[in-house]
Amino acid sequence: MLSIDRSIVDAIVAHARRDHPDEACGVVAGPVGSDTPTRHIPMENSARSMTFYEFDSMEQLRVWREMDDRDEEPVVIYHSHTATEAYPSRTDVSFAGEPGAHYLLVSTREPDTEEIRSFRIVDGVVTEEPVRIVDAVVDPHAVQSYMFGQSPATVDYECSGR
């Protein structure tokens, strides 16, 4: 089961809506071994595609090094589907390289609602898991969100504490 704070889910959905009609992608990091997603990191879809996502290789290297320096790991790897259900495609499955991660998919095909589902993908086997959205009261500095300058526009990625 994926347990994730509502403010992080809200930030992921907002990212997916902003990038629509292209797929959005990113990571939620957390302390190594904790299975606790705490730091939202929206990333650039270098494919800039409505049907495919790919992390920018330099950005991915930078993010993974930063996680390593902070004793973190990718707890959640997310992306959006803009015209289909929130279920991993064959391409998504073939590129799933973090067997310990939750793969969160957000469908933005409906303008007023979003479908959010989580999967484990290990050795090509897709297993759906429940998503528990937690309305935890957290220190606003404990949940962080970063952008690595993909856009010239100023965008506030801070998670709101509800």
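Quick note on the UniProt record's numbering: the sequence shown kicks off at 1 and runs consecutively.
Don't be surprised by glycine CBs; every beta carbon is placed ideally from N, CA and C.
So, is residue i buried or exposed, given that buried needs 16 or more other C-beta atoms within 10 angstroms?
| i | result |
| --- | --- |
| T154 | No answer about T154 holds up, because its pLDDT of 39 lies below 50 and its placement is not dependable. |
| A101 | buried |
| G30 | buried |
| D19 | buried |
| V63 | buried |
| P74 | buried |
| S7 | buried |
| R70 | exposed |
| L61 | exposed |
Can you tell me which of the three DSSP states residue i falls into?
| i | result |
| --- | --- |
| M43 | strand |
| A24 | coil |
| E114 | coil |
| D69 | helix |
| A29 | strand |
| T91 | helix |
| S34 | coil |
| D19 | helix |
| D5 | strand |
| S107 | strand |
| S57 | helix |
Pop quiz: residue i and residue j are said to be a contact at Cβ under 8 Å. What is the actual Cβ separation, rounded to whole angstroms?
| i | j | result |
| --- | --- | --- |
| S118 | Y103 | 7 Å |
| V106 | Y78 | 7 Å |
| residue 211 | E23 | No answer is possible for residue 211: the residues shown for the chain start at 1 and end at 162. |
| T91 | F55 | Contact doesn't hold; Cβ gap of about 14 Å is too wide. |
In whole angstroms, what is the alpha-carbon distance linking residue i and residue j?
| i | j | result |
| --- | --- | --- |
| S34 | I4 | 12 Å |
| A11 | I133 | 13 Å |
| I116 | E66 | 27 Å |
| residue 164 | S94 | With the chain covering only 1 through 162, there is no way to say anything about residue 164. |
For the ligand MN, any of its heavy atoms closer than 6 Å to the Cβ of residue i?
| i | result |
| --- | --- |
| E66 | No copy of the ligand MN occurs in the structure displayed, which carries no ligand at all. |
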